[in-house]
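Residue numbers (the numbering used here): 357 to 560.
No residue lacks a Cβ here, since even glycine has one placed at the ideal position from N, Cα and C.
All values reported here derive from a predicted model rather than from experimental measurement.
Below is one structure; the comments refer to it alone.
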C-alpha cells in the first residue's frame with residue numbers, strides 16, 4: 357500500500373499525524389470569510405489559503421488528472437467488481453456507508469483504506485464516514501497508478517465549505533486540519549510582521 361500511495365502522490369499526506377482541532381480558531385476564521393473575494397478579512401488586511409499553501413502543507417499533487425464525480429452506473433459497477441470482486445457495495449444511492457464496508461470481512465482492505473483517506477481527510481463530508489459513490493472510478497484509477505490533481509479539488513472544497521458555513525449555516529467544515537495548520541503559520545507571520553512594525557513606529 358505504501359508503494360502505491362507514493363506512486364500516486366498521496367504518501368506524504370497519509371503519514372500526517374492527526375491534530376486536535378481548535379474549534380474557536382476555526383470559527384473565528386469562518387466568521388471572517390468573504391466568498392466574493394475568497395479571502396479572510398482581518399483587521400490588518402486580507403489573507404487566503406492558496407494552492408501553494410495546500411502543496412506545502414499536504415504535499416499532494418497539484419498537477420495531473422482532474423477529479424470529477426462520475427454517475428455512470430456501468431463504470432461504478434466495473435470499479436466495484438475490480439476493487440472488491442462484487443457487483444455493488446452498501447450505498448444509499450449517492451454515498452457509500454464506509455462503516456458497513458469496513459465491518460464486512462469479505463471486502464478487500466486496500467480500496468477501503470484509500471476511500472477512508474479521501475473521505476476522512478482530503479474531501480471530508482459532514483460525517484467523515486461516507487464516501488461518494490461516484491468517486492469509485494477514481495479509486496479504481498488510483499489502483500491503476502493514475503495521478504490526480506488533489507490540490508485544486510481540496511482547495512475548492514475548502515472554499516465551498518467556508519461559503520456554506522458563512523452564508524447557509526453549515527456547522528461542519530471539510531479540510532479543517534488544512535485550514536488550522538495554515539492559520540498557525542499565516543497568523544504567526546502576521547503577528548511577527550505587526551510586532552516588528554510597531555517597533556519601527558515613530559513616537560516622537
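Using a Cβ-Cβ cut-off of 6 Å (strictly less than) and excluding sequence neighbours within five positions of residue i, which residues of its own chain qualify?
i           : result
residue 499 : none
residue 492 : 432, 435
residue 419 : 505
By the DSSP assignment, the alpha helix (DSSP H) with residue i in it spans what residues?
i           : result
residue 509 : 506-524
residue 440 : 429-440
residue 383 : 379-387
residue 401 : Note, residue 401: premise wrong, no alpha helix (DSSP H); beta strand (DSSP E) at 401-403.
residue 472 : 465-473
Roughly how many angstroms lie between the CA atoms of residue i and residue j, to the nearest whole one?
i           : j           : result
residue 388 : residue 430 : 44 Å
residue 440 : residue 425 : 20 Å
residue 428 : residue 489 : 10 Å
residue 359 : residue 399 : 46 Å
residue 445 : residue 457 : 7 Å
Can you name, in chain order, every residue of its own chain whose Cβ lies under 7 Å from the Cβ of residue i, other than the five neighbours on each side?
i           : result
residue 542 : 403
residue 469 : 357
Buried or exposed: which applies to residue i, given that a residue is buried once 16 or more other Cβ atoms fall within 10 Å of its Cβ?
i           : result
residue 533 : buried
residue 363 : exposed
residue 385 : buried
residue 516 : exposed
residue 413 : buried
residue 507 : buried
residue 471 : buried
residue 558 : With a pLDDT of 45 at residue 558, under the threshold of 50, the predicted position of this residue should be treated as unreliable, though the coordinate-derived value follows. Exposed is the call here.
residue 553 : Its pLDDT being 46, under 50, residue 553 is placed unreliably in this model, and the coordinates cannot settle the point.
residue 467 : buried
residue 486 : buried
Start and end of the beta strand (DSSP E) containing residue i?
i           : result
residue 396 : 395-398
Are the CB atoms of residue i and residue j nearer to each other than 7 Å?
i           : j           : result
residue 405 : residue 540 : no
residue 510 : residue 410 : yes
residue 368 : residue 503 : no
CB-CB under 8 Å to residue i, same chain, minus the five flanking residues each way: which ones, in chain order?
i           : result
residue 394 : 404, 515
residue 560 : Here the model assigns residue 560 a pLDDT of 45, short of 50, so the residue's position is not dependable and the matter cannot be decided.
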